[in-house]
Structure formats: C-alpha cells, structure tokens
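FYI, in mature numbering (1 follows the signal peptide of the UniProt record, and there is no 0) the residues of the sequence shown are -34 to -1, 1 to 248.
A virtual CB, placed ideally from N, CA and C, is assigned to each residue, including glycine.
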Amino acid sequence: MSLKSFAKTMKTAACAAAVGLAALSGALSTSAQAQGDLLVAPTRVILDGSRGTEVILSNIGSEEATYRIGLELRRMTEDGRLVEVEKSEANSVEEASLGMIRYAPRRIALPPGQPQAVRLAARPGAELPDGEYRVHMSFKAIPRPREVTEEETRSDAVTFRLVPIYGITIPIIVRHGRVEAQVALTQPSIVAGENGPELAMSIERSGESSTYGVLSVVKPGVPDPIILAGGIAVYPEVGSREVRIQLTDEQVAQIKGPGRIEYRELPEQGGALIAAVDGMIG
C-alpha cells in the first residue's frame, strides 16, 4: 500500500473507529490509534532483533503539525494501569530496553494528508539474557507559535496561557531468545462499578512473555459473542491483572447464567485461544 493510499484508509478508519466506540462497550482494538489530528499505525510493535520495521504517522487535520518522537518507560500495575517510570529509577531490564532501540527521525513535520514513516530497530547485545524487553514510543505534538495580540503588547500584567500537548504512546516489544507465557482466567463475576455494573475477573500470567488479545463472553446456543473487549495486555512485570468491563443492564441480563470467557489473540494474528474459563456468571 502506498503512503497516499494509507492516508485515505487511515482517515476512513478513524471515522469508523469513532462511530464504533460510541456504539460498543469494549470495542476491538484496531491497527491504528488516533489522538487529535495524529494517526499512528501500528499501535503495537514486536521486534525479534533481526530486522527493523516502520511506524506510519498520518496527519488527518487541515494544518501542518510537528511532533517530537521519544522513548519512555512504563510499568503495568495489577489493575491494568501503565505508570510512567523515570529513567533514573529504571531497573536493569528497563535500562537494557532503552539501550537497544534505534529509531529515526526524532522530530517530524507532517503536512495534511501526507503520511511519513519512523524507522526503528532493536540491537540486543550478545550477552543479553533471554526475555521480553519493552519501551513505549511517544509522539507528542509541538505547539505552534502563537501570535501576540496588540492588546497583550499594551498590557503590563504578567499573563500565563496553558497549552495542552497532545500525544500518542505505543509499546515497542523486543523478544530475545526463548520466551513464553502460561495464562489462566479466574471465575468472572458481575460487580457494582462507579458507572454501573461491570464484569470483573483476573488474568493470571507466568513466564517471560506478555500476552495481548481479546476477551469475549460466549453463551451456549448463541453464535456470536455477547461481550468483546479488545486490546487486553498483561505485561511480564505483573503476575495477575484485574480486568473490569463496563456493562449495560441488557448485557447483564444476557450474560447471567452458564457461560464461557475466552481470551484470544487478535483476529489478524490468527485468533488462537490463550486461555478460557467455563462456569456460572452472575
């Protein structure tokens, strides 16, 4: 696909994604992520150290925009949040992760409708232990210079203006040597959340590798899943992750009783079953 075709496709995908997210709770993740006028694809990169890849940035706005590209460290907590880690507080695995990633450019100006590529590769050292290494690549908008008004030039008062900085962050994962994961799901339950009923469960993980996929609720005799929640990751730094999925009253009525929870790879990755649990939901 040409970059021009990519821009048209991604703009259409962004509109479709907005409609889909408004209609579905826990919609499946797509291959592109949008924030403001920036579209990034893919939203997750896995490298094996033997060859590099590209991340495509597309400006779907009407004005040129400039972005700064960098690497960050983040750790997952047991409730699924990603907490930023200062580089001075990095452990040995995180330091190795930062040291092996090469990428260019570090700053990019994007005219409207003209995608550009960020090239990246991993260079793991020869003595690096087997394992999974991860950084998060950030794409942060650089605010455009603002013209000073005539009224502001006449004022002697000190004024401050807060300018929001928009950005997207995606995980860059390097799997070095032999890595694997063992996964199990705990029995789900319906609980009261801040904004209504939620389906609650935990994903138990062991091993060197992270997992990433789609959680679905299926019922006997019903051909399609009642609930789909995509983009569920469990990173190696946590052995268990709590998952909560917002439900409507109609969905609560539909899933109560005997059912099956499945955790599968994304459809574009083959959709293989990672883990499942059968039982009563309620």
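{"Query": "Beta carbon proximity, Val6 to chain C, threshold 9 angstroms", "Result": "Absent from the structure is chain C; it holds one protein chain and no more."}
{"Query": "DSSP state of residue 249 mapped onto helix, strand, coil", "Result": "Any question about residue 249 goes unanswered here, given that the chain covers just -34 to 248."}
{"Query": "Length of the line joining the Cα atoms of Arg10 and Ile136", "Result": "6 angstroms"}
{"Query": "Which listed residue (Glu98, Val218 and Asn25) has its alpha carbon closest to that of Glu174", "Result": "Glu98"}
{"Query": "Nonlocal neighbours in the same chain, by C-beta distance under 8 angstroms from Pro71, ignoring five residues either side", "Result": "Ile35 and Val84"}
{"Query": "Inter-residue Cα distance where the pair is Leu196 and Leu232", "Result": "Here the sequence assigns Gly to residue 196, which means Leu is not the residue at that position. Using only the alpha carbons, I get a separation of about 8 angstroms."}
{"Query": "Pro233 - DSSP class collapsed to helix/strand/coil", "Result": "helix"}
{"Query": "Option nearest Leu165 by Cα separation, candidates Val140, Asp215 and Ser206", "Result": "Asp215"}
{"Query": "Anticipated Cβ contact below 8 angstroms, Ala92 with Arg68, distance rounded", "Result": "In fact, because the Cβ distance is near 16 angstroms, the residues do not count as touching under 8 angstroms."}
{"Query": "Glu228, DSSP secondary structure in three states", "Result": "strand"}
{"Query": "Residue range of the alpha helix (DSSP H) that includes Val218", "Result": "Asp215 to Ile221"}
{"Query": "Nearest neighbour of Leu76, chosen from Ile22, Ile156, Lys53 and Pro186 [CA to CA]", "Result": "Ile22"}
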